[in-house]
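The structure appears below as structure tokens.
Protein chains: 2
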Amino acid sequence: MKQALLLLNMGGPNNIEEVELFLRNMFADKNILTMNPYMRKFIANIIISKRLEDVKENYRLLGGKSPLPELTDQLISKLKNYLDIPIYPAMRYVPPFADKALFQCQKDGVEELILFPMYPQYSTTTTLSSVEDIQQRCEAMGYAPRITLIDPYYDDYDYIAACCEKIMDTMKGKETKEYDLLLSAHGLPLSIIKAGDPYQNQVEGNASAIKTYLASKGVAFHEIKLVYQSKVGSSAWLEPNLVDVLRNPTHRKVL
Amino acid sequence: MKQALLLLNMGGPNNIEEVELFLRNMFADKNILTMNPYMRKFIANIIISKRLEDVKENYRLLGGKSPLPELTDQLISKLKNYLDIPIYPAMRYVPPFADKALFQCQKDGVEELILFPMYPQYSTTTTLSSVEDIQQRCEAMGYAPRITLIDPYYDDYDYIAACCEKIMDTMKGKETKEYDLLLSAHGLPLSIIKAGDPYQNQVEGNASAIKTYLASKGVAFHEIKLVYQSKVGSSAWLEPNLVDVLRNPTHRKVL
Numbered sequence: 018m019k020q021a022l023l024l025l026n027m028g029g030p031n032n033i034e035e036v037e038l039f040l041r042n043m044f045a046d047k048n049i050l051t052m053n054p055y056m057r058k059f060i061a062n063i064i065i066s067k068r069l070e071d072v073k074e075n076y077r078l079l080g081g082k083s084p085l086p087e088l089t090d091q092l093i094s095k096l097k098n099y100l101d102i103p104i105y106p107a108m109r110y111v112p113p114f115a116d117k118a119l120f121q122c123q124k125d126g127v128e129e130l131i132l133f134p135m136y137p138q139y140s141t142t143t144t145l146s147s148v149e150d151i152q153q154r155c156e157a158m159g160y161a162p163r164i165t166l167i168d169p170y171y172d173d174y175d176y177i178a179a180c181c182e183k184i185m186d187t188m189k190g191k192e193t194k195e196y197d198l199l200l201s202a203h204g205l206p207l208s209i210i211k212a213g214d215p216y217q218n219q220v221e222g223n224a225s226a227i228k229t230y231l232a233s234k235g236v237a238f239h240e241i242k243l244v245y246q247s248k249v250g251s252s253a254w255l256e257p258n259l260v261d262v263l264r265n266p267t268h269r270k271v272l
Numbered sequence: 018m019k020q021a022l023l024l025l026n027m028g029g030p031n032n033i034e035e036v037e038l039f040l041r042n043m044f045a046d047k048n049i050l051t052m053n054p055y056m057r058k059f060i061a062n063i064i065i066s067k068r069l070e071d072v073k074e075n076y077r078l079l080g081g082k083s084p085l086p087e088l089t090d091q092l093i094s095k096l097k098n099y100l101d102i103p104i105y106p107a108m109r110y111v112p113p114f115a116d117k118a119l120f121q122c123q124k125d126g127v128e129e130l131i132l133f134p135m136y137p138q139y140s141t142t143t144t145l146s147s148v149e150d151i152q153q154r155c156e157a158m159g160y161a162p163r164i165t166l167i168d169p170y171y172d173d174y175d176y177i178a179a180c181c182e183k184i185m186d187t188m189k190g191k192e193t194k195e196y197d198l199l200l201s202a203h204g205l206p207l208s209i210i211k212a213g214d215p216y217q218n219q220v221e222g223n224a225s226a227i228k229t230y231l232a233s234k235g236v237a238f239h240e241i242k243l244v245y246q247s248k249v250g251s252s253a254w255l256e257p258n259l260v261d262v263l264r265n266p267t268h269r270k271v272l
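Heads up: the sequence lines are chains A and B, in that order. Here the first sequence is numbered in my numbering, starting from 18 and rising by one per residue. Here the second sequence is numbered in my numbering, starting from 18 and rising by one per residue.
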């Protein structure tokens with residue numbers, strides 16, 4: 018069966034002008050703002066008009082664009098050393114959107130799409146949103162390949178090892194016992210978790226795996242703490258919030 | 018400050034006659050059956066009349082009693098080698114109840130009670146139930162010690178190492194790659210999880226820590242799967258259920 022691999026992600030603005038497109042598409046996503054379409058549009062407009070300039074400023078500080086597109090291209094180059102099938106990026110909110118890859122796959126007679134979400138944890142707001150996007154685009158194109166979804170890798174040993182090697186590199190020459198290690202995950206509204214999203218479970222699994230790996234290498238921090246970042250709006254989100262923890266540190270040296 | 022250590026647990030029947038007391042006290046617990054007292058009593062009577070003889074039969078197969086009281090006594094003997102403070106068991110549903118320890122502590126002028134829940138994961142149905150039991154008994158006795166609660170240890174490295182050594186001992190001489198490892202945790206109704214109980218998160222953390230530890234020792238199973246056991250009644254519980262997984266194994270050798 019002729020196969021192709023699609024790397025799924027939300028995408029990141031390729032330039033400052035794309036920041037608005039990125040936000041508009043994100044807040045038009047029914048998996049992100051889970052309400053009726055009219056209310057969603059209303060709320061989206063409020064959020065975007067309040068945040069657009071701040072978000073642009075953040076991307077200016079990052080060099081005028083997101084690092085994600087380039088990192089994805091590098092990853093694809095590396096994967097090509099191991100796989101003899103076509104590999105495409107498929108982003109959710111900015112180009113390259115999935116349609117480019119899907120048109121090529123349809124043209125080339127690809128019979129099986131292997132979807133690899135770049136998100137370590139499964140969430141309706143990320144993995145499901147991307148998978149539904151692919152399914153809808155395929156349907157609209159009259160293209161019916163077999164679709165295979167790769168499992169979340171939040172506690173895959175090689176992934177955990179790679180993350181921990183980064184942590185250990187950063188701490189080289191420093192006394193880990195004097196530091197708190199904050200593991201900061203993107204937050205989500207509690208309402209989404211209560212509706213059955215497994216994201217929090219898998220984030221906790223990821224944190225426990227990192228703790229265990231570090232301990233197995235004899236690396237001991239003063240404390241290892243899981244926190245959540247990037248809360249938007251006034252509803253209840255996953256806790257503790259990164260900003261609150263940084264405002265009230267119980268300990269002074271934080272990585 | 019004069020201290021004492023209390024080991025909290027649900028307790029297990031010391032003989033066949035205590036099985037009914039065990040069930041009656043468990044299903045009288047507002048943290049277990051979270052409904053109004055009249056409904057709780059009604060439901061408790063139904064469950065107990067349906068299950069009492071089966072549960073007694075199970076304890077007969079275990080030798081006419083639960084192994085928990087004896088294991089707790091052994092643990093206390095070992096702890097006494099490390100700690101120079103009084104150590105007491107405090108069980109929730111059968112003797113030794115907390116009152117015995119609390120009367121002794123009050124008499125001896127103990128000013129701080131250190132509560133160590135034997136449950137690796139925090140749950141309202143276990144840890145909170147025991148802590149509230151202690152608080153209420155202290156209040157009724159006019160005893161106001163300082164109370165310190167020890168954190169859950171579901172991803173404590175030494176605990177994970179001890180669990181994994183047991184697994185590795187059991188697999189000695191066997192080819193782990195040919196086996197599925199099922200990690201079976203006690204289930205809970207989804208309604209309790211949705212009300213904010215962190216139990217499932219911590220069970221997932223525990224499972225990811227075990228996976229990571231085993232991988233760090235080069236131990237590879239065919240698959241490691243988290244399952245939930247001991248479902249009661251018809252409401253939705255945590256999944257997958259152990260019994261369903263055993264009925265439909267995707268693989269034949271299971272530990």
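The C-beta atom is built at its ideal place from N, Cα and C for all residues, glycine as well.
Contiguous beta strand (DSSP E) elements confined to the region 165–224 of chain A occur at 197–203, taking only those with 3 or more residues. Listed by position along chain A, the residues whose Cβ is nearer than 9 Å to that of residue 193 of chain B form an empty set, because the closest Cβ is around 14 Å away. Membership of residue 245 of chain B in the beta strand (DSSP E) is indicated by the continuous run 240–246. In the structure shown, residue 75 of chain B adopts helical secondary structure according to DSSP, grouped into three states. Residue 52 of chain A carries a coil assignment under DSSP once its states are collapsed to helix, strand and coil. Residue 78 of chain B and residue 255 of chain B have their C-alpha atoms roughly 27 Å apart.
Within the DSSP secondary-structure output, residue 151 of chain A pairs in no beta bridge. Cβ proximity to chain B below 8 Å picks out 171, 172, 174 and 177 from the region 162–196 of chain A.
In the DSSP annotation of this structure, residue 265 of chain B is not part of any beta strand (DSSP E), being labelled neither H nor E.
Shown here, residue 227 of chain A sits in a helix according to DSSP, grouped into three states. Counting only Cβ-Cβ distances below 8 Å, residue 219 of chain A has contacts in chain B at 221, in chain order.
One finds nothing in chain B with a Cβ atom closer than 7 Å to the Cβ of residue 144 of chain A; even the nearest lies about 17 Å away. The criterion of a C-beta distance shorter than 8 Å is satisfied by residue 172 of chain B and residue 229 of chain A. For residue 106 of chain A, the enclosing beta strand (DSSP E) stretches over residues 104–108. In the three-state DSSP reduction, residue 93 of chain A falls in the helix class (H, G or I).
The continuous alpha helix (DSSP H) containing residue 42 of chain B extends over residues 35–44. DSSP links residue 134 of chain B through a beta bridge to B:25. Comparing alpha carbon positions, the residue from B:265, B:21, B:225 and B:192 closest to residue 96 of chain B is B:21.
Here residue 66 of chain A is exposed: its Cβ has fewer than 16 other Cβ atoms, across all protein chains shown, within 10 Å. In this structure, residue 132 of chain A lies away from residue 89 of chain A, with their beta-carbon atoms at least 8 Å apart. Nearest to residue 257 of chain B by alpha-carbon distance, out of B:114, B:238 and B:201, is B:201. If the five residues before and after residue 267 of chain A are omitted, its C-beta is found closer than 7 Å to no C-beta atom of its own chain. Per the Cβ contact rule, the region 230–245 of chain A is not in contact with the region 243–250 of chain B (fewer than 3 Cβ pairs under 8 Å). When A:212, A:272, A:226 and A:259 are compared, the shortest CA-CA separation from residue 238 of chain A is found for A:272. Interface criterion not met: the Cβ of residue 242 of chain B is under 8 Å from no Cβ in chain A. The beta carbon of residue 229 of chain A falls within 8 Å of a beta carbon belonging to chain B, placing the residue at that interface. Per DSSP, residue 255 of chain A lies in no alpha helix (DSSP H) segment and is marked neither H nor E. In the structure shown, residue 129 of chain A adopts extended strand secondary structure according to DSSP, grouped into three states. Proximity of residue 66 of chain B to chain A, defined by a Cβ-Cβ separation below 8 Å, is not satisfied. A:196 is the residue among A:259, A:196, A:210 and A:218 whose C-alpha sits nearest the C-alpha of residue 236 of chain A. The C-beta distance from residue 143 of chain A to residue 209 of chain A rounds to 11 Å, too long to meet the 8 Å contact threshold. In the structure shown, residue 249 of chain B falls within a coil segment according to DSSP collapsed to helix, strand and coil.
By the neighbour-count criterion, in which 16 or more other beta carbons inside 10 Å mark a residue as buried, residue 204 of chain B falls on the buried side. Secondary structure of residue 271 of chain B (DSSP, three-state): strand. The beta carbon of residue 270 of chain B does not come within 8 Å of any beta carbon belonging to chain A, so the residue lies off that interface.
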